[in-house]
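Structure first, commentary second.
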Amino acid sequence: MLTLVFVCCVVFVTGRGVTSPQTECLPEFGCFISDGIVPVPQQPAVVDTHLKLFTRSSPHSPRTSFAVDQFDSHINKFASLLDTTKDTKVIVHGYIGSGSMPWVVQITSELLLKGDFNVIVVDWQTGSQQEYNLAVGNSYLVGAEVAKVLTYLHDNRTLDYVRVHIIGHSLGGQIAGHIGYRIKGIGRISGLDPAEPDFRDKDTSRRLDQSDATFVDIIHTDGSKFKLLSGYGFLAPMGHVDFYPNGGQHQPGCDEKPIISAIDSILHGSIGGATRSVTCSHNRAVDLYIESINSACRFYGHTCSSASKFDDGSCMGCSVGGCPVMGYDSNQTSQRGSFYLSTAGSAPFCAREYYVEIHVSHLASTSYGELLVTLTGMNGGSEEIKFSPRNEYFRRDQVEKHVIGTNTDIGHVKSLRVKYVEPSHNHHTSHTAHEIRLHSVIMGSTERSNDRVKFCGHENGIHPDGSLTLSSSLNC
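Here it is, written out as structure tokens:
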């Protein structure tokens, strides 16, 4: 049911609009203006925003919680239990979410394992479970409500804004920006694939940008062109540092055709499976951030001019200042800009990156499909990894380069296996050879550009669903 609601509401985004601009002024929050598409928010009692306080002494159930609409009756108790000598983390869920959904529970636990923090969970479940445009309108009210609470804590309980860190996913990322727009001096905002629909091309006063906090870090995972079932995240840079794992658009391990997978799941009675298919890339930003909090493995980003330049191996190694780290520790770098990296397709996502360059044989005819690579090293073998994100043509003497990632520490690479897969019932393969021939494969670590190993293919062919193991560097 959730997926069907989600799809219907996304259709609403592209198919309906507010007929005329409106203005709604609310006591203590000021005036909200519709822009012709996004309406003014519902009343605070309808949106029903709750704040829940978690601490190390109470990591699994809130020490206290209250409805912001009942501010005057409950703020003193809430404030008395919040220790302003400690850093404060604020977690904000997104569209059709809640403060008790699994990722919110998990990130709360991971943060309290990391440090002795105040963790405030913003639960705006009722306000988020509306038609998407209306939920966007409600997001501005939620931002104003949280800003009101933080302002009270600052003015009456010596809360230091610099020690406030807001973490928001999707529409929650935009709410973080709304909060930062109202309160100058917030220490940090982490935007986890901030929502793009209804925010693209909007003035920075109406969306998250780097002016909303002293430090703004963004993880982009679903920034492809917005369609019915994909492209929910913002692709353009928004922060002081913007990280683009796997190009920031489609994530490994997620269905390439989510609508087909979603329909199949629904037909087989798996609404949860349909939801995961549709939101997989969008939710990956949350998975990556949560893993980064306490993992010893570091998500190192590389400076590069574009995702394609990184993918073809043009941006290896780290600068003098080192590679910035994506996720919780991204504020430890002095570098600014956009950074690219590869991750694994399943947890743990933190990957050891390898540059792989495949040389097609001069004896080859044109073929169409995808290549899967399995690495074998001194410590064992990797999972099967997609060499490229999609099917492509392979032609005589072609050199194809990509960066791949594995979550297995295989040690020094001794050999690799290349598997060739053709798409079934595809017009691309009707006039192509059902075989790919390899001359050689060159590969190495992305951390050391001079670390390259060459494996010989000896012009051998690989038939569909077949594979070839390369281990020799002689007579290429």
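Counting with mature numbering (1 follows the signal peptide of the UniProt record, and there is no 0), you get residues -15 to -1, 1 to 461 for the letters of the sequence shown.
Even glycine gets a Cβ: it sits at the ideal position worked out from N, Cα and C.
Extent of the continuous beta strand (DSSP E) to which residue i belongs
| i | result |
| --- | --- |
| Gly322 | 322 to 326 |
| Ala52 | 49 to 52 |
| Pro333 | Taken as a continuous stretch (DSSP letters only), Pro333 belongs to no beta strand (DSSP E), as it is neither H nor E. |
| Val32 | That residue, Val32, is in no beta strand (DSSP E); its alpha helix (DSSP H) goes 29 to 32. |
| Asn103 | 103 to 108 |
| Phe39 | 35 to 39 |
Extent of the continuous alpha helix (DSSP H) run through residue i
| i | result |
| --- | --- |
| Thr318 | Neither: Thr318 is in no alpha helix (DSSP H) and is coded neither H nor E. |
| Val90 | 87 to 99 |
| Asn123 | 117 to 142 |
| residue 485 | Any question about residue 485 goes unanswered here, given that the chain covers just -15 to 461. |
| His59 | 56 to 66 |
| Asp296 | 292 to 296 |
Residue j beta carbon less than 8 Å from that of residue i
| i | j | result |
| --- | --- | --- |
| Ala336 | Ser327 | yes |
| Tyr313 | Tyr274 | yes |
| Ile160 | Val127 | yes |
| Ala349 | Arg422 | yes |
| Gly330 | Gly232 | no |
| Lys212 | Asp297 | no |
| Thr351 | Ala418 | yes |
| Tyr340 | Leu360 | no |
| residue 478 | Gly442 | Because residue 478 is not part of the residues shown, which for the chain are -15 to 461, the question remains open. |
| Cys265 | Gln236 | yes |
| Thr73 | Ile22 | no |
| Gly176 | Gly224 | yes |
| Ile18 | Thr8 | yes |
| Ile395 | Gly429 | no |
| Ile92 | Ile76 | yes |
| Pro29 | Asp54 | yes |
| Leu401 | Ser373 | no |
| Val384 | Phe295 | no |
| Pro47 | Phe39 | yes |
| Thr69 | Arg142 | yes |
| residue 511 | Pro179 | For the chain, the structure presents residues -15 to 461; residue 511 sits outside this window and is missing. |
| His163 | Tyr125 | yes |
| Gly112 | Tyr146 | no |
Buried or exposed (CB count within 10 angstroms, at least 16 for buried), residue i
| i | result |
| --- | --- |
| Cys10 | exposed |
| Ala247 | The predicted model places Ala247 with a pLDDT of 45, which falls under 50 and marks its position as unreliable; any figure quoted below should be read in that light. Per the 10 Å Cβ criterion, buried. |
| His448 | exposed |
| Gly122 | buried |
| Leu459 | exposed |
| Arg185 | exposed |
| Leu453 | buried |
| Glu276 | buried |
| Gly254 | At Gly254, the pLDDT of 45 sits below 50, so the modelled position is not reliable; the number obtained from the coordinates is stated separately. So Gly254 ends up on the exposed side. |
| Pro24 | buried |
| Tyr217 | buried |
| Tyr80 | buried |
| His424 | buried |
| Asp450 | exposed |
| Cys289 | buried |
| Glu13 | exposed |
| Leu98 | exposed |
| Asn279 | exposed |
| Met311 | buried |
| His154 | buried |
| Gly306 | exposed |
| His397 | exposed |
| Cys300 | buried |
| Leu455 | buried |
Bridge partner(s) assigned by DSSP for residue i
| i | result |
| --- | --- |
| Cys16 | Cys10 |
| Val149 | Thr73 |
| His287 | Tyr325 |
| Gly354 | Glu377 |
| Ile203 | Gly176, Asp227 |
| His344 | Val384, Ser425 |
| Arg337 | Thr391 |
| Lys212 | Ser215 |
| Thr359 | Arg402 |
| Leu455 | Leu401 |
| Ile370 | Val358 |
| Gly365 | Gly362 |
| Ser43 | Thr40 |
| Val310 | Tyr285 |
Residue i beta carbon near the ligand COA (any heavy atom closer than 7 Å)
| i | result |
| --- | --- |
| Ser452 | Among the components modelled here there is no ligand, and therefore nothing to report on the ligand COA. |
Counting only runs of 4+ residues fully inside the segment 384 to 452, write out the alpha helix (DSSP H) ranges in chain order. none
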